[in-house]
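**Student:** According to this note's numbering, the residues represented by the sequence shown are 0 to 62, in order.
Let me give you the structure first, and then I'll get to my questions.
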Amino acid sequence: MAKGKDYSHEFDVLNQYIAGLEREAKLRDRIIESQKEIIAHMEKYQHELEAVIDEFPSLVEGL
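Pasting the structure below:
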C-alpha cells in the first residue's frame, strides 16, 4: 500500500497563519474601539469649548 504525503507541516503553517490573522483582527478591533473613544472625548471637549466661547466671546475676539 502506497503511503500518502504527510501534510502535517503545511497544516501547522496554515494554523499559525490563521492564528496570526485572528490576533491581527483583535488588535484592529481594539484600535477601532480606542479611536471611537477618542472621537467621543473630542466631541465632548468641542461642545464644552463652544459653551465657553458662547459665554465669554471676548476670549476669542481678534483670534
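Each residue gets a CB set at the ideal place from its N, CA and C atoms; glycine is no exception.
Fair warning: this is a prediction, and the values are worked out from it, not measured in the lab.
Taking 9 Å as the CB-CB cut-off, is Leu-13 touching chain D?
**Tutor:** Among the protein chains of the structure shown there is no chain D, as only one such chain exists.
**Student:** Could you tell me if the beta carbon of Val-59 falls within a distance shorter than 8 Å of some heavy atom in the ligand PLP?
**Tutor:** Looking for the ligand PLP in the displayed structure turns up nothing, as the structure carries no ligands at all.
**Student:** What three-state label does DSSP hand Phe-55 in the structure shown?
**Tutor:** As a first step, residue 55 is located in the sequence shown; it is residue number 56 there, counting from the start. In the structure shown, Phe-55 sits in coil (DSSP, three-state: anything other than H, G, I, E or B).
**Student:** Which of the three DSSP states is assigned to Gly-61 in this structure?
**Tutor:** Your numbering for residue 61 matches position 62 in the sequence shown. In the structure shown, Gly-61 sits in coil (DSSP, three-state: anything other than H, G, I, E or B).
**Student:** Do Leu-62 and Val-51 count as a contact pair if the criterion is CB distance below 9 Å?
**Tutor:** The sequence position of residue 51 within the sequence shown is 52, counting from 1. The sequence position of residue 62 within the sequence shown is 63, counting from 1. Not a contact, by the Cβ cut-off of 9 Å.
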